[in-house]
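One point on numbering: in my numbering, the residue at position 18 of the sequence shown is 594, and numbering is uninterrupted. The beta carbon of each residue, even a glycine, is placed where N, CA and C say it ideally should be.
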Amino acid sequence: MALLHQILLAMPHYLRLFLLLVAAVVPLAALQFMTQHSLRQDRENEVRNDTLRLLDLLDAEQQRIAAEARQVLATIVESGVPQAGPPGCQQTMDRLRARYPAYLSVEVADREGRVWCATDPVSLGVDLGGIRTFQNALTTGTLTTGEYGLRDPNRRPILPFRLAYPSPDGGPGGVVTVLLDARWLEENLGSRPLPPGMEIVIADRQGHAVARLPEAPDAIGQPLPIPMLQAMRAARGARSVAVFDTGETERGGTERGGTERGGTERMVVSAPLDTGTRESMIAIGIDRDAATRPVRDAMVFSLTLFGGVLLLTCLGAAWGMRQFLRVRERMLETVVEKASVLESTTDAVAELDRSWRIVFVNERARTLLPDSGAAIGRNGRQAFAELMAGESGRTLQQAMENREAVEFETRGPRSGVWFAVRAFPSRKGLALYFRDATERRRLEDERTLLTRELEAERSLLTAILDHMPSGLLVAEAPTGRIVKVNDTALRLLGGPPPPAAGCGCDGARACNGGACFGDGRCPLSRALRQGETVEEDLPYTRPDGTAMTLSVSATPVRSPDGRMSLAICTLRDVGERKAMELALQSAKEEADEANRAKSKFLAAASHDLRQPMQSMFLFTGILHRFIRDEQGQRSLEMLERGLDTLKGLLDSLLDVSRLDAGAVDPRVEPFALNSLLDEIAASYAPILESKKLAFRIVQDRTVTVRSDRVLLGRMVRNLLENAVKYTERGAVQIAVRTLDDTARGGRARIEVSDTGIGIPSDQLTRIFAEFHQINNPERDRARGLGLGLAIVQRLSAILDHPVEVKSQPGRGSVFAITIPLAAVEAPPPPLPTASLYTGGRDAPRALLVDDDAIVLLGLRDMFREWGYEVLIAGSADEAVAKVEADGRMPDVMLVDYRLRERRIGTEAVVRVRAMAGWDVPAMILTGEAGSECETDAAAHGLEVVRKPVTPRQLRRVLDRAMAKQSKGTADSVTGAEGERLPL
């Protein structure tokens, strides 16, 4: 209690008055609400009880009328009215119609259900035979009660009661029906006034409205609202009372069922099927709002009266409080104004009297000097020791004595905080205004430090720019004024540049004193005006007449908002570099000329060397027919071996030369790798078998690669030949493996391995050099010249097929070639074909053209040995003339490429084919190493056979050309049994 008393005393007067009013009003308001709520509950109970009594009365009335209808039915049957015949029965019905109420009618139907006697003439002739209750009454002979239903022609809801009557023969003669019209509700209660908002509804067994008060014809036959039906069925044998809030979801059902009005809260009292008359249900609905309106009106009135009294009380209290506050405001007005001014300032403020006691201090001062504590009344020198220690205290003492304002900065000896102090003396004492100046002092110190650092960086940058090996010019935008030129630029330009970029450099007038470079084009001006980056070499003439070439790079510099701010230009003297470039260009041209001369030499040497060798091969092949003895055959065989060796050496030397000269143009295409390896295996199988070496190929026969078939075959043959050459026992193997190389696509790897002598590790890179051989110090020419791997290396570079080697001395070597896989399958290789002509009575005719008489005679004798009729010629004109004179077109042509008078063999082929009118099979025979022959032959669909060619190889090519007829291709030729012809 003591604590509560203290709290009340500490409260302002107006707050205590407000709490007093609240304490008096709240209990009165609570009592008023409780009383009104109790009255409302009593009213609702009273309405519910009155409705239940009315429901009981209606239920009893309905049971009485139903019992009366049953009694009428039994009386009519027992009195024998139906047996009286139609006239007598109808007279009785007319009397009953005048006596009975309008809602009760009687019908008599025969056994088939046709009504032949009735109180209502409209019912005569109506057929009741299809009604279930009619058949039940006729069959059972007992009283049967039907259900409410709509009856034609007036579509009124009726409740039928049926009982069979006997016929003269003792059987059922028909059925008497008493119809109870639902209008009994209207006739009994229609004249009585109902309370406001009350509705009475009678419904059938299925919950459809059959009668309603007040009347609503549209509601008859409509179902009751679902919530009402659920409540009535859930009561199970007892009266039910429920409250429904008629919202939008039940509005349709309410209007159809007739128990509610949309949007109101209603109380519904009902008697379900399990009570009263079992053929119907009775429901009474009361507008809850209308029933409780008197209570609500009384409650509103009392609450309004209570509120008015409360409002008057509050207004009186407010007026008294206002008067009290006015007096209080006048008393504190001066103090508040002064305190508000001092508190609102951002400075810390303190006032001291003449004796240095503190009479005022604002919140900001307490924050800056936390040691001041409860400063009011204390000695200022003690409370403000951070401000008045040392020299600052003496300054303030002089200010108070002299009454002169002072301003200074001091640093607190303990806190280290800098204070900016202003003191204003007066007659009463001293007013101090001070603030924390630590952050400002720190920023000033940082600014001083940054200024020094920037000055140092500016000096460093100037030194760097002045000592750069390149000249530097900087121009500002948009004026183009040159703001920086280093010493190197001054030296390169031979003097100062113009004051602005583009001065005298736009083609309007000559450059001023040679300071601009370029013929009317200033790089700095282009960078500033067009925003382009310039990098080019420009000729420049200095003022002293010295000509030079400057490498100029001008770059625009943009500000963060995208505007042009600067352009930077660098200059370098590239005269020496230009001289070196000219020298390199001259050297390159000389090297190209040397390569062209080398190519011409190779072509001439190839042609001149191959011609006599070709003659030797041809005539050696012819000698087989004439030399019969064994010694001669052995000598001839040794001669052929020597020629083969010589041919291989010459092919290798010329191939290396052609590869170095770039005369080989690969034709990359997809092809099946297995066909190439099968050819190579077939050609080397006899050699391996003779050396008793095991040999096998491990491959996926579906692998398709992209490469030049001929050049790749040459690489594999050279590797296989080396393996056979350096392996005396063991095995040789060719293996194909596919690699999953995601970065470079699918790739295949051909590995040629052997169990030969192996290669020392220090020789692994040297074996690809020309003429380098291992374990052949005697330079046995039968073992080659050492050019096979050199050719492999050059072909690897041309085809971009990397070659790798691994070896262990004494155990063998593995050479691997990596090639790309093809995306599509390669067409199957053509099947080998046999010769179309094997001699006989109708011998084929061959046209041979060569400007070398010895080669021509050798070819003639060789073709005659093969059963051909031969025409020979030394030039294209002679060939055409002989064909015209003979009158018969050749079946095949073999033509040398280089003929007399700078003519070429393809000309002869074209002219003969024009005479024949069809593409006569033809081949080009040449000893040249260049690509001109292959290109020309491919354009005419001709095969190229390079000299020297053995008779066996020539026969193979000839047979293939005859088989193709005019469909030959320009592919490079593969010799008999897969032997590689010269490149």
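For the beta strand (DSSP E) containing residue i, list its first residue and its last residue.
| i | result |
| --- | --- |
| V1446 | E1445 to A1449 |
| V1425 | R1421 to V1425 |
| A1270 | A1270 to V1274 |
| M774 | M774 to A779 |
| I1310 | A1307 to L1315 |
| A999 | W994 to P1001 |
| S1329 | R1323 to D1330 |
| M1469 | V1468 to D1472 |
Can you name the residues that DSSP bridges to residue i?
| i | result |
| --- | --- |
| G1047 | L1147 |
| V684 | C693 and V752 |
| E1380 | A1392 |
| L1246 | The sequence shown places Pro at residue 1246, rather than the Leu named in the question. According to DSSP, which records beta bridges pairwise, P1246 is partnered with R1282. |
| E1111 | S1129 |
| K1060 | V1050 |
| A740 | V751 |
| V982 | A999 |
| A785 | A779 |
Can you name, in chain order, every residue of its own chain whose Cβ lies under 7 Å from the Cβ of residue i, other than the five neighbours on each side?
| i | result |
| --- | --- |
| L631 | R815, V845, A847, I858 and I860 |
| G1368 | Sequence inspection shows Val at residue 1368; the Gly mentioned does not correspond to that position. Closer than 7 Å at the Cβ level, and outside the excluded window around V1368, lie M1291, N1294, L1295 and V1379. |
Assuming residue i and residue j are in contact, meaning their beta carbons sit under 8 Å apart, how far apart are those beta carbons, in whole angstroms?
| i | j | result |
| --- | --- | --- |
| A893 | V623 | Not a contact, Cβ separation roughly 43 Å. |
| E1327 | A1307 | With 8 Å as the limit, E1327 and A1307 do not qualify as a contact, their Cβ atoms being about 13 Å apart. |
| S1451 | L1470 | At roughly 15 Å, the Cβ-Cβ gap does not stay under 8 Å, so S1451 and L1470 are not in contact. |
| M897 | Q612 | 32 Å between Cβ atoms; not a contact. |
| L1375 | L1288 | 7 Å |
| T1100 | L1049 | The question names Thr, but residue 1100 is Leu in the sequence shown. That pair is a contact at about 6 Å. |
| V1281 | T1314 | The Cβ separation is near 10 Å, so there is no contact. |
| V754 | A645 | 5 Å |
Between residue i and residue j, what straight-line distance do the alpha-carbon atoms span, to the nearest angstrom?
| i | j | result |
| --- | --- | --- |
| A606 | E927 | 56 Å |
| E939 | P946 | 10 Å |
| R1102 | R1285 | 56 Å |
| L756 | G747 | 27 Å |
| T1109 | G1322 | 43 Å |
| A538 | A1457 | Because residue 538 is not part of the residues shown, which for the chain are 577 to 1559, the question remains open. |
| W692 | D794 | 32 Å |
| E980 | L1006 | 10 Å |
| G1517 | R1478 | 22 Å |
| S1337 | L1069 | 59 Å |
| D740 | G797 | Residue identity differs from the one stated: residue 740 is Ala in this sequence, not Asp. Between A740 and G797, the C-alpha separation is close to 29 Å. |
| P567 | A1324 | In the structure displayed, the chain extends from 577 to 1559; residue 567 sits before or after that span and is not available. |
| E1165 | A1484 | 37 Å |
Hey, quick one: how far does the alpha helix (DSSP H) through residue i stretch, first residue to last?
| i | result |
| --- | --- |
| R1582 | The requested residue 1582 is not part of the displayed model; the chain covers only 577 to 1559. |
| L1037 | T1014 to D1042 |
| M976 | E967 to N978 |
| I1374 | G1364 to L1375 |
| V1488 | G1481 to A1492 |
| M669 | G661 to R675 |
| T1511 | E1508 to A1515 |
| M1499 | Where M1499 is concerned, there is no enclosing alpha helix (DSSP H), although the beta strand (DSSP E) it sits in stretches over A1498 to T1502. |
Apart from the five residues on each side of it in sequence, which residues of its chain come closer than 6 Å, Cβ to Cβ, to residue i?
| i | result |
| --- | --- |
| D1063 | D1042 |
| F1391 | L1295, V1328 and V1381 |
| G1094 | Residue confidence is low: G1094 scores 40 on pLDDT, short of 50, so the model does not pin down where it sits. No coordinate-derived value is stated. |
| R998 | E983 and Y1009 |
| R687 | G750 |
| A1449 | V1425, A1455 and K1458 |
| L596 | none |
| G1148 | The sequence given here has Arg at residue 1148, not Gly. Result list for R1148: S1046 and S1127, in chain order. |
| E1022 | none |
For residue i, which residues from the same chain have a beta carbon less than 8 Å from its beta carbon, with the 5 sequence-adjacent residues on both sides left out?
| i | result |
| --- | --- |
| Q1275 | L1249, N1250, L1253, I1310, A1311 and V1312 |
| L1269 | V1300, T1303, R1305, G1306, A1307 and V1308 |
| R987 | V993, W994 and F995 |
| I1335 | I1343, I1350, V1381, S1383, P1385 and S1389 |
| G664 | V657 |
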